[in-house]
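Asker:
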Amino acid sequence: SQTIHQWPATLVQPVGSPLSLECTVEGTSNPNLYWYRQAAGRGLQLLFYSVGIGQISSEVPQNLSASRPQDRQFILSSKKLLLSDSGFYLCAWSNRGSSSYNSPLHFGNGTRLTVT
Amino acid sequence: AQSVAQPEDQVNVAEGNPLTVKCTYSVSGNPYLFWYVQYPNRGLQFLLKYITGDNLVKGSYGFEAEFNKSQTSFHLKKPSALVSDSALYFCAVSYNSGAGSYQLTFGKGTKLSVIP
Chain A
462 SQTIHQWPAT
472 LVQPVGSPLS
482 LECTVEGTSN
492 PNLYWYRQAA
502 GRGLQLLFYS
512 VGIGQISSEV
522 PQNLSASRPQ
532 DRQFILSSKK
542 LLLSDSGFYL
552 CAWSNRGSSS
562 YNSPLHFGNG
572 TRLTVT
Chain B
29 AQSVAQPEDQ
39 VNVAEGNPLT
49 VKCTYSVSGN
59 PYLFWYVQYP
69 NRGLQFLLKY
79 ITGDNLVKGS
89 YGFEAEFNKS
99 QTSFHLKKPS
109 ALVSDSALYF
119 CAVSYNSGAG
129 SYQLTFGKGT
139 KLSVIP
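Taken in sequence, the protein lines are chains A and B.
Under the working numbering, the residues of the first sequence are numbered 462 to 577, in order.
Under the working numbering, the residues of the second sequence are numbered 29 to 144, in order.
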């Protein structure tokens, strides 16, 4: 069965420090991968998605970046964190291909980031 | 452009009573609709989806949803609420973001509280 791992679960970082959040998927090949941010326990904001290795699409301009060095690995990074980067970050995957329109997203358990 | 509206920030229901969480959508073309549930400090879990066919869709944990094309609605329902159903519920619609890639637009979420 497919599983998605996301770590760390919680993170407290000072303003101006770098960030690296990692997400890996097991049990599936060629997934679409996503990074979402959830602020104040509510709405979801799509940050990045990827349809393949090295292919990253950004939805919202900001000081975050994403990379996909391997098929089932997705990394969210920042060189210098801002206070406004605090939030709950969720990684997700879905099936790629002709059925992608009806393929549900499968989420990791998230990373709660607090920038102090 | 596609959009999803969840008109209620919070829904309170007594244990054992039927529950309804409302969702309306706007999308060009065929709607592909989803419901997700989120428990505190966890990722979203897929509950059910509507792609085509029967307007009443059954999903996980005894939930079902009714697709109504004329009212552009996709309300989530359960005949008898459990305290353990208390969580945040998200409605979402799938849309074509280009080059064969599909994304989800999420509603803002509805907090369901089931009172013992």
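Virtual Cβ for every residue (Gly too), placed ideally from N, Cα, C.
Run through DSSP, which three-state label would residue 41 (chain B) get?
Answerer: Taking the second sequence and counting its residues from 1, one reaches residue 41 (chain B) at position 13. Strand.
Asker: Can you tell me where the beta strand (DSSP E) holding residue 72 (chain B) begins and where it ends?
Answerer: Start at 1 with the first residue of the second sequence, and residue 72 (chain B) comes out as number 44. Unbroken beta strand (DSSP E) run through residue 72 (chain B): 72-78.
Asker: Using a Cβ cut-off of 7 Å (strictly closer), state whether residue 137 (chain B) contacts chain A.
Answerer: Within the second sequence, numbered from 1, the residue matching residue 137 (chain B) stands at position 109. Yes, contact with chain A.
Asker: Along chain B, which residues have their Cβ under 8 Å away from the Cβ of residue 567 (chain A)?
Answerer: The residue labelled residue 567 (chain A) in the question sits at position 106 within the first sequence. Correct list: 74.
Asker: Can you say whether residue 567 (chain A) is buried or exposed, counting buried as having 16 or more other CB atoms within 10 angstroms of its CB?
Answerer: Translated into the one-based positions of the first sequence, residue 567 (chain A) becomes position 106. Burial call: buried.
Asker: Could you tell me whether any Cβ in chain A is nearer than 7 Å to the Cβ of residue 134 (chain B)?
Answerer: If you number the second sequence from 1, residue 134 (chain B) lands on position 106. Cβ-Cβ to chain A under 7 Å: yes for residue 134 (chain B).
Asker: Using 10 angstroms around the beta-carbon of residue 59 (chain B), count the other beta-carbons present and answer buried if the total reaches 16, otherwise exposed.
Answerer: Looking up residue 59 (chain B) in the second sequence gives position 31. Classification of residue 59 (chain B): buried, given that the 10 Å Cβ count is 16 or more.
Asker: Taking contact to mean 3 or more Cβ pairs, one atom from each stretch, closer than 8 Å, check whether the stretch 470-489 of chain A and the stretch 534-542 of chain A are in contact.
Answerer: yes
Asker: Within this structure, are the beta carbons of residue 138 (chain B) and residue 30 (chain B) separated by less than 7 Å?
Answerer: As a first step, residue 138 (chain B) is located in the second sequence; it is residue number 110 there, counting from the start. As a first step, residue 30 (chain B) is located in the second sequence; it is residue number 2 there, counting from the start. No, they are not a contact pair.
Asker: Are residue 78 (chain B) and residue 61 (chain B) close, meaning C-beta to C-beta below 7 Å?
Answerer: Numbered from 1 along the second sequence, position 50 holds the residue referred to as residue 78 (chain B). Numbered from 1 along the second sequence, position 33 holds the residue referred to as residue 61 (chain B). Their beta carbons are under 7 Å apart, which means residue 78 (chain B) touches residue 61 (chain B) by this criterion.
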